[in-house]
Each structure stands twice: as structure tokens, then as C-alpha cells.
Amino acid sequence: GKMVGGVAVIKVGAATETELKEKKHRVEDALSATKAAVEEGIVAGGGAVLLNIIPALQGLNLEGDQQIGAKIIMKALEAPTKQIATNGGYEGSVIVEKLKGKEKGIGFDVNIGEFVDMIKAGIVDPAKVTRSALQNASSIGGMILTTECLVTDKPEEKKDTGMPPGGMPPGGMGGMY
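Residue numbers (the UniProt record's numbering): 1 to 177.
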């Protein structure tokens, strides 16, 4: 039914303090997402709405640096769906390519391994969150392009442990043939 009065009390219980903090955090996240959805509505989740933007960018008549920029954005719009599919144990690139031929709002439900209407399946994102993420990403991208120097962590190379593969010392098991 419809909530009247605008106040709700949600009681969260758990066996341990750590579990309680985790549950409380999840409830707070859900509350924030609900507030954002009420403000600006919902869109197809799982990155589906981002893939739906790509054809509009492909339709632009761009040249040079603008065309390169549009290609970078199109690649970035694929990233969330690709990562979600990969995290679910699927080949992300293959899923994205298959979705490109589907109608708007269709996405990939990793829980059942099927292409579905994301809104009907209840896989949604608050429009405000998706819009804000795009705006923030483009802002950061613009900042990086105009920055003359970036500082980053250098990935550490894996160190040789000195043991051959298999973990046994050289020479096998001493005299056993």
C-alpha cells in the first residue's frame, strides 16, 4: 500500500556487531537509492541504459579529435555492463556485443544468464545516480585531458620465489626413479 505520513522505522538486527554494521550500511544504501529514484525516476539497470546511449553518439557527424573523444566515451559506456557480466562469470565483451543488437531497455541478468527487459525484471538504477556518475566521469576525464602531469601507483612486478613450478626442490625426490 501507500505510505501515509512519510515516516518509517526500520529495525535491523544481527548476531554480531560487524554483521549489524553491514546490514545497517545496506539499509542506508537502499534508502539513498530510493530517495534518488523518487527525485528523478528509474532507468534500466545493469548498464543497459548506458549501452542505449551509444547509437546516439554513433549518429553524430564528428571528425578528428571530436570523433576520437566520442569513441572513448562509447567504450566507457560499455564498461559497466562488461564488468558486471565478467563478475558474473560470463565473457563481458561477448555480452556487450549481443546487447548492442537488442532493443532499448534489454540487458543481461547475470543471475539467470538471460537477456531480459531490465525494468520488468526489477533490475533498475536511480536515474539521478546514473546521470551523476556520467557527469562526474566526464568532468574527471576533462580534467585529465588538460593536466600536464599525473601521479599514479606503479604496479609491482611479481617476485620470483626461487622455487620451480610445483613447489618441489630441484632434483625431485632424491634417488627415486
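Every residue, glycine too, gets a C-beta built ideally from N, C-alpha and C.
Practice item. Would you grab the beta carbon distance between residue 125 and residue 42 for me? Rounded to a whole angstrom, and I think it's under 8 Å. Key: Residue 125 sits at position 125 when you count from the first residue of the sequence shown. Residue 42 sits at position 42 when you count from the first residue of the sequence shown. Confirmed, about 7 Å.
Review point. Among all the DSSP beta bridges, which residues are the ones paired with residue 44?
Key: Stepping through the sequence shown from its first residue, residue 44 is reached at position 44. According to DSSP, residue 44 bridges with 124.
Review point. For the beta strand (DSSP E) that residue 94 lies in, which residues bound it at each end?
Key: The count along the sequence shown starts at 1 and reaches residue 94 at position 94. Taken as a continuous stretch (DSSP letters only), residue 94 belongs to no beta strand (DSSP E), being part of the alpha helix (DSSP H) at 92-100.
Exercise for review: Quick one: using the 10 Å Cβ neighbour count with 16 as the cut-off for buried, is residue 27 buried or exposed?
Suggested key: Within the sequence shown, numbered from 1, the residue matching residue 27 stands at position 27. Residue burial is scored here from C-beta neighbours: residue 27 has fewer than 16 other C-beta atoms within 10 angstroms and is therefore classed as exposed.
Point to revise | Span separating the alpha-carbon of residue 80 from that of residue 15 | key: By 1-based counting over the sequence shown, the position of residue 80 is 80. By 1-based counting over the sequence shown, the position of residue 15 is 15. Roughly 34 Å separates the two Cα atoms.
Point to revise | Of the residues 150, 76, 82, the one placed nearest residue 219, counting alpha carbons only | key: Shown here, the chain extends from 1 to 177; a query on residue 219 therefore has no answer.
Point to revise | Cβ separation of residue 12 and residue 20, assumed to be a contact under 8 Å, to the nearest whole Å | key: Residue 12 sits at position 12 when you count from the first residue of the sequence shown. Residue 20 sits at position 20 when you count from the first residue of the sequence shown. About 7 Å separates the two Cβ atoms, so the contact holds.
Practice item. Evaluate contact between the segment 38-55 and the segment 135-142, counting only Cβ atoms and requiring at least three cross-stretch pairs below 8 Å. Key: Result no; under three Cβ-Cβ pairs closer than 8 Å.
**Study point:** Coil, strand or helix - residue 106 by DSSP
**Key:** Taking the sequence shown and counting its residues from 1, one reaches residue 106 at position 106. If DSSP states are grouped into helix, strand and coil, residue 106 belongs with the strands.
Point to revise | Sequence-distant residues of the same chain with beta carbon closer than 6 Å to residue 40, five excluded per side | key: In the sequence shown, counting from the first residue as 1, residue 40 sits at position 40. Result list for residue 40: 127, 128, in chain order.
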